[in-house]
Amino acid sequence: MTSRRAAQRWQKADTPQQRTRGGGHRDPAGSEEKPRPSSKERPDYTSQAIGHKLSNRKAGESANQRRRRGRSGEKTPLRLRVRHSPDGAGGPAAAPGPSTAMRAATAKAGQAGEEAAGADGSLPGAAPPDWPRLPNEVLALVLSWLPPETLATRCRLVCRRWRDLLDGPAVWKPQWRREPGMRAALEAAARCPRLRWSRLGVLRPLGRNLVRNPCGREECRHWALQRQGGKVGWSVEENRSPVEGAEAQTCFAASYEWCQKEQLINLLKEGLWPDLLDAYQPDIVVSDWWGGRQDCGCKYELFVALLAANKKTKIDVFEAKPDPIPQWNDASYQKVTHTFRRYGPGVRYILFRHRGKDTQFWAGHYGARVTNSSVIIQFSSESAESLEPGLPSF
201 MTSRRAAQRW QKADTPQQRT RGGGHRDPAG SEEKPRPSSK ERPDYTSQAI
251 GHKLSNRKAG ESANQRRRRG RSGEKTPLRL RVRHSPDGAG GPAAAPGPST
301 AMRAATAKAG QAGEEAAGAD GSLPGAAPPD WPRLPNEVLA LVLSWLPPET
351 LATRCRLVCR RWRDLLDGPA VWKPQWRREP GMRAALEAAA RCPRLRWSRL
401 GVLRPLGRNL VRNPCGREEC RHWALQRQGG KVGWSVEENR SPVEGAEAQT
451 CFAASYEWCQ KEQLINLLKE GLWPDLLDAY QPDIVVSDWW GGRQDCGCKY
501 ELFVALLAAN KKTKIDVFEA KPDPIPQWND ASYQKVTHTF RRYGPGVRYI
551 LFRHRGKDTQ FWAGHYGARV TNSSVIIQFS SESAESLEPG LPSF
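In terms of my numbering, the sequence shown is residues 201 to 594.
Structure follows, in structure tokens:
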């Protein structure tokens, strides 16, 4: 540090006398003053100071590692790491820092990745696609292979071009054609010129069962239960005969009193929107399977109502009260189904309710068995045409 200060004072001195007092070079005889040394002759004080400052550090060592080494009493061997002086004087070069090593490692990893890609049959070192220059047809086909959630929540926010593609049918139709469960959405696309494509692609309200836990696989979750009379309600049991197409071979078993349960389906929350429900009125298909034990008779009733936004006004209603199943039967299931068409505008909720009991008044769960309840919204050839003025009919 003393040498550095002396060098600074030498550079700032204006007269030979000031340079002598500040550490200048004078002849021992005192007759002449030596000329000021050049930059190559002067020692590189800056390089020496940096070298001493860095000598107690290890290459690539973090601050936490240095603190832990200090607490443990470990001594680090001195390493002279002096960088080149600005004028190009000789000396050892500075050791490469962490950033330089990281860049080298990244370059090696990229080279290894290209070699691996070439081994798989692809072109080694191929440049990434130029996305802005891709035709819309090619870009839409590439995007159609991504998950619907990624398309709606990430890809749509990339740029205006991608947003316009995802707000139309170019991306969604190829994706739906590859999935058998999206046939109802394709029928809606052929019938309705104005669709919310992202909403249909992510929530998928068309063609799927909107009743939750229809077979009792989750016990009585999602159902509102009501019991009349006794303390015994619904119970979940295995099917005594198989039901084709059911998601689980289990059922809800009623008791000796009327056992009732219901679900209220919010159509807007499931993914539909008012314009689609009011102007096009897709078919609402409801169905339920019921049966009894072989050794006990049972009764069953079904009630379905299409409700307005206030959850009280009934726009359309369906009720079924089939004949009771007698004792000593074959324990097979019967299907009850109904399709709502041209029900009018304003439908926002669907109330699905059924109940059952046994005819022998036996303690336990000997009453009606219900399973595979469903509410499906779809378009068909018999669906209502567009009821909104100015919209085309198909």
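C-beta: ideal position from N, C-alpha, C; glycine also. Computed from a predicted model, the values in this text were never measured in an experiment.
Task: L551 versus V504 - alpha carbon distance - done: Going from the Cα of L551 to the Cα of V504 covers about 6 Å.
TODO: Specify, as a first and last residue, the run of the beta strand (DSSP E) that K535 falls within.
DONE: Here the beta strand (DSSP E) through K535 covers 534 to 540.
TODO: Could you tell me which residues DSSP puts in a beta bridge with I577?
DONE: Under DSSP, the beta-bridge partners assigned to I577 are I484.
TODO: Spell out a yes or no on whether the region 479 to 488 and the region 446 to 462 are touching, meaning 3 or more CB-CB pairs, one atom from each, closer than 8 Å.
DONE: Because the criterion of three Cβ pairs below 8 Å is not met, the region 479 to 488 and the region 446 to 462 do not touch.
Task: Own chain, CB closer than 8 Å to P374, minus 5 neighbours either side, in chain order - done: Result list for P374: A340, L341, S344, in chain order.
Open item on the list: Is it buried or exposed, K499, if we count other Cβ atoms within 10 angstroms and call 16 or more buried?
Closed with: Taking every protein chain shown into account, the CB of K499 has 16 or more other CB atoms within 10 angstroms, so this residue is buried.
Task: CB of L507 within 8 Å of CB of I515, strictly - done: Contact: yes.
Task: Local conformation of C451 per DSSP, three classes - done: DSSP, reduced to helix, strand and coil, places C451 within a strand of the structure shown.
Open item on the list: At the level of alpha carbons, what is the spacing between T571 and E519?
Closed with: The alpha-carbon separation between T571 and E519 amounts to approximately 17 Å.
Task: Residues bridged to N466 [DSSP beta-bridge criterion] - done: In the DSSP assignment, N466 is bridged to Y549.
Task: Distance between L406 and R377 (C-alpha atoms, nearest Å) - done: For R377 and L406, the distance between alpha carbons rounds to 15 Å.
TODO: Run the CB neighbour count on P414, radius 10 Å, all protein chains shown included, and call it buried at 16 or more, exposed below.
DONE: With 16 or more Cβ atoms within 10 Å of its Cβ, P414 is classed as buried.
Open item on the list: Whole angstroms are fine: how far does the CA of Q463 sit from the CA of H422?
Closed with: If you take the alpha carbons of H422 and Q463, they lie about 7 Å apart.
Task: Under the three-state DSSP convention, the category L365 falls into - done: If DSSP states are grouped into helix, strand and coil, L365 belongs with the helices.
Open item on the list: On the criterion of 16 or more Cβ atoms from any shown chain inside 10 Å, does K461 qualify as buried, or is it exposed?
Closed with: It is buried - the Cβ of K461 has at least 16 other Cβ atoms within 10 Å.
Task: Residue closest to A352, alpha-carbon to alpha-carbon, out of R361, L366, A454, R360 - done: Checked all of R361, L366, A454, R360; the closest Cα to A352 is L366.
Open item on the list: Suppose you measure from the CA of T438 to the CA of P545; what does that come to, to the nearest Å?
Closed with: Strictly speaking, residue 438 in this sequence is Glu, with Thr absent from that position. Computed Cα separation, rounded: 41 Å.
Task: Opening and closing residue of the alpha helix (DSSP H) in which S398 lies - done: Taken as a continuous stretch (DSSP letters only), the alpha helix (DSSP H) holding S398 covers 397 to 403.
Task: Nearest residue (CA-CA) to G564, options S532, P526, A453 - done: That would be A453, whose Cα lies nearest to the Cα of G564.
Task: Span separating the alpha-carbon of L395 from that of A389 - done: Going by the C-alpha atoms only, they are around 7 Å apart.
- [ ] Using DSSP bridges, identify the partner residues of V504.
- [x] Partner(s): F518, F552.
- [ ] Run the CB neighbour count on S581, radius 10 Å, all protein chains shown included, and call it buried at 16 or more, exposed below.
- [x] Residue environment: S581 is assigned as exposed (fewer than 16 neighbouring CB atoms within 10 Å of its CB, all protein chains considered).
Task: Cβ-Cβ distance between K189 and C459 below 8 Å - done: The structure shown does not extend to residue 189, since the chain is modelled only from 201 to 594, so the question has no answer here.
- [ ] On the DSSP bridge assignment, give the partners of C498 in chain order.
- [x] Within the DSSP secondary-structure output, C498 pairs in a beta bridge with I525, D558.
TODO: Count the other C-beta atoms from every protein chain shown that fall within 10 angstroms of the C-beta of S322, then say buried if there are 16 or more, exposed otherwise.
DONE: At S322 the pLDDT is 48, less than 50, meaning the model places this residue with poor confidence and gives no usable figure here.
Open item on the list: Could you check whether G401 and P474 sit closer than 8 Å to each other, using their CB atoms as the reference points?
Closed with: No, Cβ-Cβ distance for P474 and G401 is not below 8 Å.
Task: DSSP bridge partner residues for Q460 (one or two, in chain order) - done: DSSP output for Q460 lists Q426, R555 as bridge partner(s).
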